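Okay, structure first, notes after.
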Amino acid sequence: MSLYSIALLLIGLVISVNAHDFGSKHTVELTASNYESETSSGKVYMIAYFAPWCGHCKKLAPQWQELGEKAASQENIKISYIDCTAHRDVCQKAEVKGYPTIKIVHKNEEYKTYKGSRDVSSMYDFVVEAASELLTESS
């Protein structure tokens, strides 16, 4: 292995984002084994689909944790995340084409894809509005 290859590998390890970067006591880690049971619960899930090598994902992670904190008081909203390199089948089924992809899922169905600014306030407003629409419809 060349010195150049080793350097690239080390850089990749340093800048990769891991599930724990998105995780906090106010966010839910989704996996292939819990995705369906979690998202079918009747709660509104705002999900970040990410890849560890993605620079934009690395940048999003701290905001995602903060979003989880801000939304913690909302009983019907869950801020969650899934590593698409570890759970490819889930992300393929969700038709994730790029990272990060942020979607609202309710009762195991995609409701909306978030395409707005990645600041906490904008994302929070989006999920609260989506929850209001979804939970009003299902009443």
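Mapped onto mature numbering (1 follows the signal peptide of the UniProt record, and there is no 0), the consecutive letters of the sequence shown carry residue numbers -19 to -1, 1 to 120.
Ideal Cβ positions, reconstructed from N, Cα and C, are used throughout, including at glycine.
As the structure is a prediction and not an experimental result, all values here were calculated from the model.
Distance between residue j and residue i (C-alpha atoms, nearest Å)
{"i": "THR117", "j": "GLU110", "result": "11 Å"}
{"i": "HIS68", "j": "PHE107", "result": "26 Å"}
{"i": "LEU41", "j": "ARG99", "result": "7 Å"}
{"i": "VAL71", "j": "GLY97", "result": "23 Å"}
{"i": "HIS87", "j": "THR94", "result": "12 Å"}
{"i": "TYR105", "j": "GLU56", "result": "14 Å"}
{"i": "LYS39", "j": "ASP2", "result": "8 Å"}
Selected residue, minimal CA-CA separation from residue i, among the options
{"i": "ALA32", "options": "GLN44, LEU11 and CYS65", "result": "CYS65"}
{"i": "LYS59", "options": "ASP2, GLU114 and GLU10", "result": "GLU10"}
Secondary structure of residue i, DSSP reduced to three states
{"i": "GLY(-8)", "result": "The predicted position of GLY(-8) is uncertain, since its pLDDT is 48 and thus under 50; a value taken from the coordinates is nonetheless stated next. Three-state DSSP puts GLY(-8) in a helix."}
{"i": "ALA29", "result": "strand"}
{"i": "LYS78", "result": "coil"}
{"i": "GLU90", "result": "strand"}
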